[in-house]
C-alpha cells in the first residue's frame, strides 16, 4: 500500500505536527491546562490525553502492547467524551507531556517497522467504511487527527490570552 518514500513522508509530517502540539502546550502554566475559556471545551489537558489515547489505539492495531491502558483511556478521552475542568481528571502537565512525546515517538518507530505488513489489513469494523484498512486509519491518526487538534490548541491559546504558535 505504501512505498518507503510515502511512509517516510507520513512519519515526517507526524513528527512535525506532534512537535507543533508539544510547543503549543509547553509554555502553558500547569494550572491553566484544564481551563475552558469562552465557549471552547477542548482544553490542552484533554487534547493531549485524547491524542495519547488514539496513539494507543493505533499501537494496539499494530500488535504493540506498550499501552495496556488503551481501553480505559478511550473510555475517558475517546470520541464523544467530554473534557472536564477538573485537573484531577488528567495526568499532571509534565507527565502528560512526557507521555505524549514518548508515545508518539514510539508510535513512529512501530509504524516504520510494521507498516508494510499491517497497513493493508482491514481496520476494525467500528472504523469502517471511512477507514477500510489499518493504513487508512493510521494516516488519519498520524497526520489529520493531530493536525485538527493542533488547530484547536491554537484557537484555545488565542482565546485564553496566549500568543499563537506554529
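Residue numbers (the working numbering): 20 to 185. Ideal Cβ placement from N, Cα and C applies to all residues, glycine included. In this text, all values refer to a predicted model and were calculated from it rather than measured experimentally.
Going by DSSP, what residue range makes up the alpha helix (DSSP H) through residue 174?
164-179
* In angstroms with no decimal places, state the Cα-to-Cα distance between residue 156 and residue 48. => The alpha-carbon atoms of residue 156 and residue 48 are separated by roughly 33 Å.
| query | Relative to the alpha-carbon of residue 54, which residue among 184, 182, 183 and 178 has its alpha-carbon at the smallest distance? | reply | 178
Practice item. Go ahead and pull the three-state DSSP assignment for residue 30. Key: helix
| said: For residue 131, report the span of its alpha helix (DSSP H) as first-last. | reply: 112-137
CB-CB under 8 Å to residue 174, same chain, minus the five flanking residues each way: which ones, in chain order? 59
Next item on the list: Would you grab the beta carbon distance between residue 122 and residue 74 for me? Rounded to a whole angstrom, and I think it's under 8 Å.
Entry: 5 Å
Next item on the list: Please report the Cβ distance between residue 115 and residue 68, rounded to the nearest whole angstrom; I am assuming they are in contact, meaning their Cβ atoms lie under 8 Å.
Entry: 7 Å
Indicate the three-state DSSP secondary structure (helix, strand or coil) for residue 79 in the structure shown.
-> Assignment of residue 79 by DSSP, reduced to helix, strand and coil, places it in the helix class.
- prompt: What do you get for residue 176, buried or exposed, if any count of 16 or more other CB atoms within 10 angstroms of its CB means buried?
  reply: buried
On a Cα-Cα basis, can you pick out the residue from 120, 119, 110 and 72 that is closest to residue 100? 72
key: Limits of the alpha helix (DSSP H) - the one that residue 142 falls within   = Per DSSP, residue 142 belongs to no alpha helix (DSSP H) and is neither H nor E.
I'd like the span of the alpha helix (DSSP H) that includes residue 187, first residue to last. Because the chain in this structure spans residues 20 to 185, residue 187 falls outside the shown range and cannot be described.
(Q) On the CB-based measure, 16 or more other CB atoms within 10 Å of its CB, does residue 149 come out buried or exposed? (A) exposed
Please classify residue 37 as buried or exposed, where buried requires at least 16 neighbouring CB atoms within 10 angstroms. So residue 37 counts as buried.
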